[in-house]
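Residue numbers (our numbering): 3 to 215.
Take a look at the structure set out below.
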């Protein structure tokens with residue numbers, strides 16, 4: 003095999019070895035944040051790195067479109083352009099993996115929340131009114147107020163009469179990144195508006211709603 007062909011093959015192998023770990027970092031950081039043993043800070047890794055990669059990639063692409071017209075920098079510019087283009091499928095695959103990991107985590111959370119919801123409904127049935135707080139369920143209906151099992155979003159929130167259609171709402175604030183107001187919530191009446199809503203859109207997950215801000 004000619005030296006030039008070997009060099010191109012080795013360059014491609016190095017690029018793949020670079021982009022694969024970077025791509026896996028996104029879904030892994032999301033997984034690390036939605037497990038009970040993880041680290042809440044992990045959720046900030048994904049959007050920060052994604053933003054930096056897009057920023058650096060954008061500037062590199064534009065700069066190399068200029069440098070490619072000069073003989074001295076043409077080969078360098080071609081390598082950078084190729085690297086930038088190669089990163090796109092890895093980035094897209096990473097986005098899909100990250101969304102899948104996050105979605106499955108909230109499917110599991112909805113299932114884990116059943117005992118807490120059942121305790122609230124038993125309280126209502128026996129006392130004729132909704133509990134004023136989650137703490138009021140202890141110790142008669144629950145040994146303790148459970149956590150969510152997610153390191154980034156460890157606690158449930160509960161509020162009475164959040165709107166005219168619901169007596170109460172059980173929710174988990176689940177921002178993704180530094181500036182985000184996503185929310186995962188359950189209402190007993192389940193009169194949910196799906197799709198586009200004010201400020202974002204609603205996705206139904208089991209008996210719950212994931213509000214994407």
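Glycine included, C-beta positions come from ideal geometry on N, C-alpha and C.
The structure displayed is predicted, hence computed values, not measured ones.
Span of the beta strand (DSSP E) around residue i
i: residue 199; result: 197 to 199
i: residue 202; result: 202 to 207
i: residue 181; result: Taken as a continuous stretch (DSSP letters only), residue 181 belongs to no beta strand (DSSP E), as it is neither H nor E.
i: residue 193; result: It is not in any beta strand (DSSP E) - residue 193 carries neither H nor E in the DSSP assignment.
i: residue 215; result: Counting along the chain, residue 215 falls outside any beta strand (DSSP E), and DSSP gives it neither H nor E.
i: residue 164; result: 159 to 165
C-alpha gap between residue i and residue j, whole angstroms
i: residue 61; j: residue 143; result: 58 Å
i: residue 164; j: residue 128; result: 22 Å
i: residue 136; j: residue 96; result: 38 Å
i: residue 130; j: residue 148; result: 23 Å
i: residue 170; j: residue 54; result: 41 Å
i: residue 3; j: residue 26; result: A caution first: residue 3 carries a pLDDT of 47, below 50, which makes its placement in the model too unreliable to give a value.
i: residue 197; j: residue 203; result: 5 Å
Per-residue DSSP class, three states only, for residue i
i: residue 38; result: coil
i: residue 153; result: coil
Min CB distance residue i to chain C below 8 Å
i: residue 162; result: As a matter of chain content, chain C is missing from the structure shown, which is built from one protein chain.
(message) So within the stretch 60 to 148, which uninterrupted alpha helix (DSSP H) runs reach at least 4 residues, ignoring any that extend past its ends?
(response) 76 to 114 and 116 to 129
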